[in-house]
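The sequence shown maps to residues 1 to 315 in full-length UniProt numbering.
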Amino acid sequence: MDENKFEPEPEPAPSDQDTLPIEYSTDDQSGSVPNPDQPDPSTLFTESRFSPEAQAAATEPMPAVGDEFDPDIDTTAEFPAPPARYRTQPAPSQPLFELPPPVGGAPDPVGAPSPEPKRASFWDKRAAVIAIAAAAGLVLGVAAGGAIAVGQQNELKAVQGQLAETESARQSAEAKLQDALDEVSTQKEQLSQYQQREDEIAEREASLAEQEAAAQKEAEEKAAAEAAAKKEAEEKAKANTFGSGTMVVGVDIQPGTYRSDASGSSCYWARLSGLSGTFDDIIANGLPDGQAVVTIDPSDKAFDSTRCGTWTRIE
């Protein structure tokens with residue numbers, strides 16, 4: 001056999017020294033089964049285990065050193081923890097890989113052929129894949145947590161903007177309400193002034209009505225007084241004046257001195273002591289030329305006159 005040709009040795013069966021100190025649960029007799037909490041490395045990068053937001057956040061470039069961050073973002077806020085299935089396992093108490101001690105307890109002499117490297121067993125490869133998958137899951141979890149935090153900050157900003165708009169709308173509504181209340185107060189004051197003016201006008205109208213009624217009453221009373229005076233004057237004039245004919249003293253005329261308004265010479269008058277129609281009843285008589293003045297005594301029975309006009313009592 002050629003000494004320079006490398007012949008692969010058959011893979012030895014795993015032993016207790018080659019296996020990793022990782023515990024697995026056994027569900028049946030077919031062999032060892034990985035912990036269900038640990039993701040399957042064969043499907044880690046082929047299945048979509050994250051939300052689209054997390055994947056998008058994971059693919060965004062990280063800000064360069066020196067870039068200014070948004071001052072409104074709270075950098076002290078804690079990112080949410082990744083899901084339990086993406087969390088890493090605690091570090092084992094024993095190393096994952098263990099180098100065998102040198103043969104004989106001393107290093108190989110100079111120029112000695114190097115021993116063939118020991119092939120990694122199946123479990124070594126599986127542990128490495130699991131470790132890589134766990135690290136990738138941790139990185140993706142942190143990135144997803146950062147994306148979630150940024151999303152929460154954006155949502156907080158949006159909510160704060162909505163609150164500011166709501167507060168502005170509330171203040172505007174309060175201002176409009178106050179303006180409306182002021183307008184109502186002004187209108188009430190104007191209405192009160194109008195009502196006061198109407199009351200004053202009503203009082204004036206009532207006063208004018210009272211004055212008019214009083215004036216009307218006074219006028220009526222004056223007219224009644226004038227009518228009464230006129231009637232009295234007429235009655236008095238009637239009692240103190242008379243015309244042609246025979247007048248009974250005490251009934252038709254009163255005793256007194258009378259004067260006629262006749263201007264001719266055909267007047268005749270006679271004082272009578274009786275109403276028999278004889279000459280014996282004549283107390284005195286006359287045929288005046290013009291006006292005549294006659295005194296009728298209370299003892300006279302009657303007075304007779306013809307064509308003498310109107311007799312008026314003068315005393």
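Backbone N, C-alpha and C define an ideal beta-carbon position, used for all residues, glycine too.
Neighbour-count burial assignment, residue i, 16 or more Cβ in a 10 Å radius
i, result
"Y258", "buried"
"S207", "exposed"
"P132", "For the record, residue 132 in the displayed sequence is Ile; it is not Pro. When all chains shown are included, I132 counts as exposed."
"S260", "buried"
"I314", "exposed"
"L140", "buried"
"V249", "buried"
"A127", "buried"
"Q201", "Contrary to the premise, residue 201 reads as Ile rather than Gln in this sequence. So I201 ends up on the exposed side."
Sheet register partners of residue i (DSSP bridge)
i, result
"N285", "A270"
"R313", "Y258"
"S244", "Answer is none; S244 lacks a bridge partner."
Which of helix, strand or coil DSSP assigns to residue i
i, result
"G151", "helix"
"D179", "helix"
"S260", "strand"
"S276", "coil"
"S265", "coil"
"D304", "strand"
Residue i versus residue j - alpha carbon distance
i, j, result
"K222", "K230", "12 Å"
"D252", "A213", "43 Å"
"P288", "E218", "50 Å"
"T306", "E234", "23 Å"
"Q152", "G137", "22 Å"
"C308", "E226", "32 Å"
"S244", "C267", "10 Å"
"A135", "S172", "55 Å"
"V65", "Q160", "Residue confidence for V65 is low, a pLDDT of 48 falling below 50, so the modelled location carries little weight and cannot support an answer."
"Q211", "S192", "28 Å"
"P298", "D281", "15 Å"
Test item: CB-CB of residue i and residue j under 7 Å
i, j, result
"D304", "A270", "yes"
"S276", "I283", "no"
"T246", "A292", "no"
"T310", "T241", "yes"
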